[in-house]
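Numbering (the numbering used here), first residue to last: 4 to 82. Every residue, glycine too, gets a C-beta built ideally from N, C-alpha and C.
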């Protein structure tokens, strides 16, 4: 299933970055959840990482192979 804008994804590998507000170095951990904002030909995606109140703390372009698409509904099979 392809990843598309507004999908919710999780990281599969750690990514060092800078906190948007504090400018301090942070490490985004595997399992860190974000929202897809842009698709770069399916090769990479701009991901918005926000806290529980919806405040963005990081925005990173992440290669597709480092993302796991989170699913909320079961997928139908052709069995």
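Q.
Bridge partners for residue 37 per DSSP, in chain order?
A. Here residue 37 refers to the residue found at position 34 when the chain shown is read from its first residue. Answer by DSSP bridge pairing, in chain order: 12.
Q. Which two residues bound the contiguous beta strand (DSSP E) that contains residue 72?
A. Reading the chain shown from its first residue, position 69 is the one you call residue 72. Counted as a single uninterrupted DSSP element, the beta strand (DSSP E) harbouring residue 72 occupies residues 70-72.
Q. Does the beta-carbon of residue 50 have 16 or more other beta-carbons within 10 angstroms, so that it is buried, or is it exposed?
A. The residue given as residue 50 occupies position 47 in the chain shown. Buried is the call here.
Q) Just the Cα atoms here: how many angstroms apart are residue 54 and residue 15? A) As a first step, residue 54 is located in the chain shown; it is residue number 51 there, counting from the start. As a first step, residue 15 is located in the chain shown; it is residue number 12 there, counting from the start. Going by the C-alpha atoms only, they are around 19 Å apart.
Q. Are residue 13 and residue 36 closer than 7 Å when you measure CB to CB?
A. Along the chain shown, read from residue 1 onward, the residue named residue 13 stands at position 10. Along the chain shown, read from residue 1 onward, the residue named residue 36 stands at position 33. Yes, Cβ-Cβ distance for residue 13 and residue 36 is below 7 Å.
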